[in-house]
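Student: Numbering (the numbering used here), first residue to last: 37 to 432.
Ideal placement from N, C-alpha and C gives every residue a C-beta, glycine not left out.
Got a structure here, written out as structure tokens. Questions coming.
Right, here's the structure in full:
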């Protein structure tokens with residue numbers, strides 16, 4: 037048997053680290069237990085503040101977290117956590133010296149965790165966490181921060197704090213519409229000038245303008261600025277005119293021009309309507325729709341009242357020609373004498389459309405016993421013509 041040899045044990049490095057960690061934890065637990073046995077405890081308190089409030093979408097929102105141990109003993113294994121709020125992404129975080137922290141990746145979400153082995157009585161720490169507010173964020177952002185330790189806390193009610201940040205997320209879209217001309221006749225072209233503006237304060241997303249072809253009209257054309265997508269009915273058709281854009285910046289504006297043709301049977305006033313919407317909240321509802329009304333001139337009808345048929349008018353006499361209609365669309369008329377439907381003589385080149393004209397029937401190459409008719413034709417304001425069916429004859 038051999039004696040006098042010494043025995044040397046070898047240990048793997050990982051085992052050594054694990055053993056040390058376990059020893060530290062055991063020491064901390066025993067220390068906390070000893071403090072509890074002596075009646076010792078800590079009072080961690082945390083406060084959360086935000087800036088700015090309110091905040092705009094796409095802006096950086098800063099949180100300041102104030103943590104303090106109000107004592108009377110040191111707090112061991114202190115942890116502060118703050119989840120990245122919904123509607124935001126992580127940007128940066130700073131902590132005082134002596135603290136370790138883990139964070140999400142920039143642009144990501146998750147939780148910021150800061151730790152320290154011990155926070156002595158009355159020791160304080162301040163953390164700054166910055167997040168980026170989403171472009172589409174709306175309403176409010178709610179953040180919370182909390183703290184804890186391995187030491188008994190005498191006042192757990194102040195171990196967490198929350199903060200609500202209002203999002204100044206609204207925009208103010210405004211639309212206007214003008215029509216020209218102010219009044220139209222059947223067959224006329226009616227033009228609508230449409231203006232859209234974003235009075236802010238934020239960008240409007242997924243903006244869409246909609247206009248229906250007004251009743252008694254048909255679509256002719258639609259022009260829009262670059263960057264807008266348009267959709268229209270076929271030419272001479274009817275339906276929805278739309279113009280869309282993915283986003284419209286604060287103080288942005290756009291002009292559109294829509295043309296329609298007034299139908300031949302249009303008799304009523306024509307009302308054009310356009311509206312604008314977006315996926316962004318509206319700060320001042322009520323100016324997202326515009327209307328304008330265009331008068332349609334009534335049918336311009338002239339009717340010869342006299343001669344009224346079968347009359348015998350003597351050459352050299354003065355006879356009254358009477359007619360009615362056209363007061364709203366015809367200012368001057370021409371009166372002609374017709375034979376067999378063809379004009380053979382201008383009774384008067386032009387006269388006021390006042391419904392009456394005295395004709396001095398001068399001697400001319402009139403054929404007695406032949407049936408004649410009278411034509412009254414508009415000269416200014418319309419091309420309306422009335423060919424009377426009321427015949428009359430001339431006699432020497």
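Any idea what DSSP makes of residue 245, helix, strand or coil?
Tutor: In the structure shown, residue 245 sits in a strand (DSSP, three-state: E or B).
Student: Helix, strand or coil: which one does DSSP assign to residue 414?
Tutor: Residue 414: strand per DSSP, three-state reduction.
Student: What do you reckon, is the C-beta of residue 154 under 8 Å from a heavy atom of the ligand FMN?
Tutor: For the ligand FMN, the structure offers nothing, since it holds no ligand at all.
Student: Could you check how far apart the C-beta atoms of residue 186 and residue 318 are, in whole angstroms? I think they sit under 8 Å.
Tutor: Actually they do not touch by this definition, with Cβ atoms about 52 Å apart.
Student: Please classify residue 106: does DSSP put it in a helix, a strand, or coil?
Tutor: Residue 106: coil per DSSP, three-state reduction.
Student: On the criterion of 16 or more Cβ atoms from any shown chain inside 10 Å, does residue 425 qualify as buried, or is it exposed?
Tutor: It counts as exposed.
Student: Assuming residue 189 and residue 80 make a contact with CB atoms under 8 Å, what is their CB distance in whole Å?
Tutor: Indeed, because the Cβ distance is near 6 Å, the residues count as touching under 8 Å.
Student: Residues in its own chain within less than 6 Å of residue 343 by CB, not counting five upstream and five downstream?
Tutor: Result list for residue 343: 426 and 428, in chain order.
Student: I'd like the list of long-range same chain contacts for residue 270, defined as Cβ closer than 8 Å, with 5 residues on each side in sequence excluded.
Tutor: Around residue 270: 255.
Student: Figure out for me which residue from 102, 358, 106 and 314 has the closest Cα to the Cα of residue 118.
Tutor: With distances taken between Cα atoms, residue 118 lies closest to 102.
Student: For residue 253, collect the residues of the same chain with a Cβ closer than 8 Å to its Cβ; drop the 5 residues on either side in sequence, then sort them by chain order.
Tutor: Only 226, 274, 296, 297, 298, 299, 302 and 306 meet the Cβ criterion.
Student: Buried or exposed for residue 404, going by 16 or more other Cβ atoms inside 10 Å?
Tutor: Exposed, because fewer than 16 other Cβ atoms sit within 10 Å of the Cβ of residue 404.
Student: Could you say which of 413, 361, 86 and 374 lies nearest to residue 203 if we only look at CA atoms?
Tutor: For the residues 413, 361, 86 and 374, the minimum Cα distance to residue 203 belongs to 86.
Student: Should residue 411 be labelled buried (16 or more other beta-carbon atoms within 10 Å of its own) or exposed?
Tutor: Classification of residue 411: buried, given that the 10 Å Cβ count is 16 or more.
Student: At the level of alpha carbons, what is the spacing between residue 338 and residue 288?
Tutor: Whole-angstrom Cα-Cα distance: 52 Å.
Student: Report yes or no: do three or more beta-carbon pairs, one from the region 165-177 and one from the region 121-129, lie closer than 8 Å?
Tutor: Contact between the region 165-177 and the region 121-129 is present, because at least three Cβ pairs lie under 8 Å.
Student: Just to check my reading of the structure: residue 409 and residue 348 have Cβ atoms closer than 8 Å, yes? What is that Cβ distance to the nearest angstrom?
Tutor: Actually they do not touch by this definition, with Cβ atoms about 14 Å apart.
Student: Run the CB neighbour count on residue 162, radius 10 Å, all protein chains shown included, and call it buried at 16 or more, exposed below.
Tutor: Residue 162 is exposed by the Cβ-count criterion.
Student: My guess is that residue 246 and residue 278 are in contact by the Cβ rule of under 8 Å, so how many angstroms apart are they, rounded?
Tutor: Rounded, the Cβ-Cβ distance is 5 Å, consistent with contact.
Student: Residue 193 by DSSP, collapsed to three states: which one?
Tutor: Helix at residue 193.
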